[in-house]
Amino acid sequence: MERHIQERTSPPGRPVLVAGFVTRALSGGERGCLWILTAMWDDRVNFAHLRAFYHVADCGSFTLASKRLNLSQSTLSLQVQSLEKHYGFPVIKRHKKRLELTEEGALVFSYARSIFSLAHDLGNAMEDLRTRSIKIGSTPTLAHYIMPQVIRTLKEENARLRIQLYTGLSKEVLQKVIDFEYHVGLIGRTDCPGNVINKRVAEPRLHFITNDPDVPARIHLKDLANYPLILAEDGSTTRAYIIEAFRRCHIPLNNYIDCENAQAIKDMVHLGMGGAFFPGYAIESDIRERKYRKIDIVEDLHLTINLVYLKERRNLSTVKKFVAAVKESVFASNR
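Start counting the sequence shown at 286; every next residue gets the next number (the working numbering).
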């Protein structure tokens with residue numbers, strides 16, 4: 286990029302505002318943002334060295350940081366040493382099998398974390414302005430039964446918006462939101478860190494489904510002791526919730542099949558291989574077609590569907606549009 290744009294200088298240690306440098310950020314990524322930050326400050330801080338230290342501290346080792354940054358460990362070590370030389374004190378205590386931060390290093394890391402969080406936010410904000418796109422994460426079941434309505438609502442108001450939908454377990458989606466890979470996520474009940482906005486948008490009731498004609502239309506959980514069940518895969522928030530419900534009621538749960546695919550679970554229920562738990566929106570059409578029976582549970586079993594996104598991204602236009610679409614979608618009925 287040609288540097289023909291006029292720069293404004295300021296006293297040492299103060300920001301230097303450089304008009305037009307955002308064009309470099311439009312190419313995206315942490316490196317572009319790092320270039321902007323370097324241009325905005327005087328040479329008292331080498332952001333390449335700070336970046337190396339940040340990732341080493343964040344990963345907890347030079348080995349993992351070198352893989353993340355695609356740099357050699359020797360290069361990272363030299364950059365961290367240069368940072369220590371610049372500040373005049375060690376930031377890392379090096380041990381044979383581990384490393385730990387010094388008191389000064391912990392302080393530097395806290396500032397570095399804020400700086401690179403802003404760098405990520407800047408890059409994504411510029412990318413949002415350039416492409417007008419949104420990346421959405423969702424669990425497979427929500428993506429299949431709920432997201433089409435949300436996306437339709439979103440597209441009706443924003444026809445030119447590019448939408449990318451990805452699926453994964455709730456914890457996986459949340460992590461990708463935290464890592465700036467997804468703008469927003471629709472997930473099950475999951476603990477979120479303080480930098481994430483977590484809005485509960487629906488609490489659909491869970492039903493038991495089976496093809497067994499001998500199961501009454503309304504049952505207690507205890508009636509399912511030793512009954513063959515088909516549960517979602519390990520890591521699923523729905524699975525964890527059901528197992529915890531059985532545990533609280535002191536009901537043995539030792540006769541079940543694990544399956545990661547919701548449709549496969551329903552197919553096995555249809556074949557009479559056992560029973561499963563699903564929210565109403567996921568079984569409505571099958572119940573109408575009489576593929577299996579819907580059984581009500583006396584205990585109040587329900588899922589929670591949460592909308593999650595980073596606080597730093599709450600003012601992005603794409604995030605605001607998605608939140609509005611969710612409010613206008615089927616979640617409003619709290620099915």
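We treat Cβ as the ideally placed atom computed from N, Cα and C, and that holds for glycine.
Residue nearest to Ser-395 within the set Tyr-339, Gln-449, Glu-488 and Arg-474 is Tyr-339 (criterion: CA-CA distance).
In this structure, the straight-line span from the alpha carbon of Ala-547 to that of Pro-564 is close to 12 Å. Close CB contacts of Gly-557 within its chain, under the 6 Å cut and outside five residues either way in sequence, are with Asn-496 (chain order). The segment 510 to 523 makes contact with the segment 549 to 556; the number of CB pairs closer than 8 Å reaches 3 or more. DSSP, read as helix, strand or coil, puts Val-365 in helix. A check of alpha carbon separations from Phe-332 across Ser-367, Thr-348 and Val-608 identifies Ser-367 as the nearest. A straight line joining the alpha-carbon of Thr-438 with that of Glu-529 spans about 35 Å. From the listed residues His-492, Ile-472 and Ile-494, the smallest Cα separation to Arg-485 is found for Ile-472. Excluding its 5 nearest sequence neighbours in each direction, Gln-449 has C-beta neighbours in its own chain below 6 Å: Lys-420, listed in chain order.
Secondary structure within the segment 454 to 484: the beta strand (DSSP E) runs of 3 or more consecutive residues, fully enclosed, are 469 to 472 (chain order).
In this structure, the alpha-carbon of Arg-490 lies about 38 Å from that of His-405. Across the structure, Ile-582 and Cys-534 are spaced so that their CA atoms are roughly 13 Å apart.
A straight-line Cα-Cα distance of about 46 Å links Met-432 and Ile-377.
In terms of CA proximity to Asn-480, Ser-402 leads the group Arg-578, Ser-402 and Arg-379. Between Thr-426 and Leu-454, the C-beta gap is not smaller than 8 Å, which leaves the two residues out of contact. Assignment of Val-435 by DSSP, reduced to helix, strand and coil, places it in the helix class.
Residue state for His-505 is assigned as coil, using DSSP reduced to three classes.
In this structure Ala-561 is buried. Its beta-carbon is surrounded by 16 or more other beta-carbon atoms within 10 angstroms. Within the DSSP bridge table, the entry for Val-593 names Gly-470 and Asn-483 as partners.
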